[in-house]
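Here full-length UniProt numbering is used: the first residue of the sequence shown is 1, the next is one more, and so on.
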Amino acid sequence: GEQATALRDELGRLVMRLAPSHAIKQWPNRSSAWVLKYKLRSTRRWQERRISTFEYLLELNLLAGRSFNDLCQYPVFPWVLCNYTSAELDLRDPANYRDLSKPMGAQSPERLEQFMGRYEAMLGDPDLPPFMYGRPY
1 GEQATALRDE
11 LGRLVMRLAP
21 SHAIKQWPNR
31 SSAWVLKYKL
41 RSTRRWQERR
51 ISTFEYLLEL
61 NLLAGRSFND
71 LCQYPVFPWV
81 LCNYTSAELD
91 LRDPANYRDL
101 SKPMGAQSPE
111 RLEQFMGRYE
121 AMLGDPDLPP
131 FMYGRPY
């Protein structure tokens, strides 16, 4: 009943307070206002270089409800590099970064053609809606 729910919630808050500061914490059932406030705080900390880009993206993933406990909701991080063959990588060279305005499947004309071909092949199947990108797992 209500008493059990209140006790559960209080125990959850206690566990969160006792967790080490570096522990990854997820807060279920938070209001939109709370999420926005936390997101703005995280963004400010990232802009001030108080947290790394990795930490910032991880916080955004957790705020979005992603979880390490469910493979279908695992945190996502963008692929930003496109050069995986050079012996040395010059991070100042823009040619080593992918075009973030396009999804991974459209990074090259060949890949886009492959995915478009799959999509078009599915158009004739009434039982399966066509898609370009499936899940990798």
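In this text, a Cβ means the ideal position worked out from N, Cα and C, and glycines have one as well.
If you're wondering where the values come from, they're calculated on a predicted model, not measured in any experiment.
Relative to the C-alpha of residue i, which candidate in the options has its C-alpha closest?
{"i": "Pro78", "options": "Arg49, Leu100, Asp9", "result": "Leu100"}
{"i": "Glu55", "options": "Asn69, Lys39, Asp70", "result": "Lys39"}
{"i": "Gly105", "options": "Ser86, Pro94, Asn96, Arg118", "result": "Arg118"}
{"i": "Phe115", "options": "Asn69, Asn96, Met132, Leu128", "result": "Met132"}
Is residue i helix, strand or coil when you go by DSSP?
{"i": "Tyr38", "result": "helix"}
{"i": "Tyr56", "result": "helix"}
{"i": "Tyr119", "result": "helix"}
{"i": "Leu71", "result": "helix"}
{"i": "Gly89", "result": "A small correction: the amino acid at residue 89 is Leu; Gly does not occupy that position in the sequence shown. In the structure shown, Leu89 sits in coil (DSSP, three-state: anything other than H, G, I, E or B)."}
{"i": "Leu100", "result": "coil"}
Mind reading off the beta-carbon distance from residue i to residue j? Whole number of angstroms is fine, and I expect it under 8 angstroms.
{"i": "Cys72", "j": "Gln107", "result": "Incorrect: roughly 24 angstroms between the Cβ atoms, too far for contact."}
Residue i lies in the alpha helix (DSSP H); which residues open and close that run?
{"i": "Val15", "result": "2-18"}
State the Cα-Cα distance for the pair residue i and residue j, rounded to the nearest angstrom.
{"i": "Leu112", "j": "Glu59", "result": "31 angstroms"}
{"i": "Arg44", "j": "Trp34", "result": "15 angstroms"}
{"i": "Arg13", "j": "Thr5", "result": "12 angstroms"}
{"i": "Pro75", "j": "Ser52", "result": "16 angstroms"}
{"i": "Glu48", "j": "Tyr84", "result": "30 angstroms"}
{"i": "Ala19", "j": "Pro109", "result": "48 angstroms"}
{"i": "Asn61", "j": "Leu36", "result": "13 angstroms"}
{"i": "Arg17", "j": "Asp90", "result": "43 angstroms"}
{"i": "Asn69", "j": "Pro94", "result": "36 angstroms"}
{"i": "Ser42", "j": "Arg66", "result": "16 angstroms"}
{"i": "Leu63", "j": "Gln3", "result": "28 angstroms"}
{"i": "Pro130", "j": "Glu88", "result": "40 angstroms"}
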